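For the sequence shown, counting from 1, position 239 maps to 248 in the working numbering; every step adds exactly one. In this text, a Cβ means the ideal position worked out from N, Cα and C, and glycines have one as well. This structure is a prediction, so every number in the text was calculated from the model and none was measured.
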Amino acid sequence: MKITPEHLARDAYVYIRQSTADQLINNPESRHRQYGLADRARALGWETVIVIDDDLGRSESGVTRPGFEKLLAAICEGRVGAVLAIEASRLARNGRDWHTLIEFCGLVGTLIIDEDGIYEPRHPNDRLLLGMKGTMSELELSILRARSLEALKNKARRGELFLAVAVCYVKAGNDRIEMDPDLRVREAITLVFTRFAASLRGTVRPLSHDGDAQQQGRRARERLDRKLPRPSHERGPRCATDARHQGLRRSRLLPRLRR
């Protein structure tokens, strides 16, 4: 029997994860199965079972996982007798995390338990099996990513991929776009194209006089003021010759320097 009194004297940890918020909404049964592992831990003899679900909806690639870090810290402190997961490979999202977990569990004598069995990382056969599980899981994820990417490329070739739509349009279903139902949006876009005079200045200036773009212009000027250095005798020559300030020298900087 791999479970010893030494393991039972410590706590059992159930690690629960789902990668995205969409999975939380659309795959509730997976979450229920994972929470059910707490009952299995008690059936195996553990009195204290701690559930870590801090990473629900946030454990996809590129996102920090405070729950996984908490689990590793507890293992290193020798407080964990066993770690339970639906699939052993679900404990980590990549090979680096997986092998780190196996190494830590082997050092302190922590078991890894999933629906297929109980693994003792200090035993060579179990360690080999755990490594193979992690490798197969990582290969499966790579294949799924490649399939998804090719599907997106194929949809793009047909002109049906809409990751984002232009202003004045909205998505209508999965493969169509329509004009925005908001009449004010359509009228504003129509006005811009009607007044377009072959230059941005020729378009924005009339709108500014009408009061349509005053707020945007004010914000742009405020951002520009923050970026421009305050004039001084030392900075004056540099500001006057800096290419970033072309068109501003006569109207803003030099008059302030003369004063």
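If you draw a straight line from the Cα of V213 to the Cα of M145, it comes to about 58 Å. Below 8 Å, enough C-beta pairs join the segment 11 to 25 and the segment 35 to 54 to call them touching: three or more. Here the alpha carbon of L65 sits roughly 7 Å from the alpha carbon of I25. Note: V23 is bridge-paired with V60 and L93 in the DSSP secondary-structure output. Judged by pairs of C-beta atoms under 8 Å, the segment 167 to 187 does not touch the segment 112 to 132, as fewer than three such pairs exist.
A buried status is given to K142, since no fewer than 16 other beta-carbon atoms sit within 10 Å of its beta-carbon. Counting the other Cβ atoms within 10 Å of the Cβ of H132 gives fewer than 16, which makes it exposed.
In this chain, E149 is not harboured by any beta strand (DSSP E); it is covered by the alpha helix (DSSP H) spanning P133 to R166. Separation of A50 and V92 (C-alpha to C-alpha, rounded to the nearest whole angstrom) is 9 Å. Fewer than three beta-carbon pairs drawn from the segment 32 to 49 and the segment 106 to 118 are found closer than 8 Å, and the two stretches are therefore not classed as touching. Looking at the DSSP output, K180 sits in a beta bridge with I186. Counting only residues of its own chain and dropping the five nearest sequence neighbours on each side, E147 has a CB closer than 6 Å to the CB of G104. Within the DSSP secondary-structure output, L120 pairs in a beta bridge with A91. Beyond the five residues adjoining it in sequence on each side, I59 comes within less than 6 Å, by CB distance, of D20 and Y22 in the same chain, given in chain order. Only buried fits V89, as 16 or more other CB atoms lie within 10 angstroms of its CB.
Residue environment: D184 is assigned as exposed (fewer than 16 neighbouring CB atoms within 10 Å of its CB, all protein chains considered). In this structure, D63 lies away from A94, with their beta-carbon atoms at least 8 Å apart. Residue nearest to P190 within the set Y178, L172 and I152 is Y178 (criterion: CA-CA distance). Scanning its chain for C-beta atoms nearer than 7 Å, with the 5 sequence neighbours on each side dropped, one finds around F171 the residues K180 and I186, in chain order.
Contact between L81 and L110 holds: their C-beta atoms lie close to 7 Å from each other, under 8 Å. A Cβ-Cβ distance of about 6 Å is found for the pair L120 and H16, placing them in contact under the 8 Å criterion. Comparing alpha-carbon positions, the option among V176, P37, G87 and R210 lying closest to I198 turns out to be V176. Sequence-distant partners of G76 (beyond 5 residues in either direction) whose C-beta falls short of 6 Å from its own C-beta, in its chain, are I61, D63 and D64. Residue pairing by DSSP places I127 opposite I122 in a beta bridge.
Under the three-state reduction of DSSP, L65 is assigned to strand.
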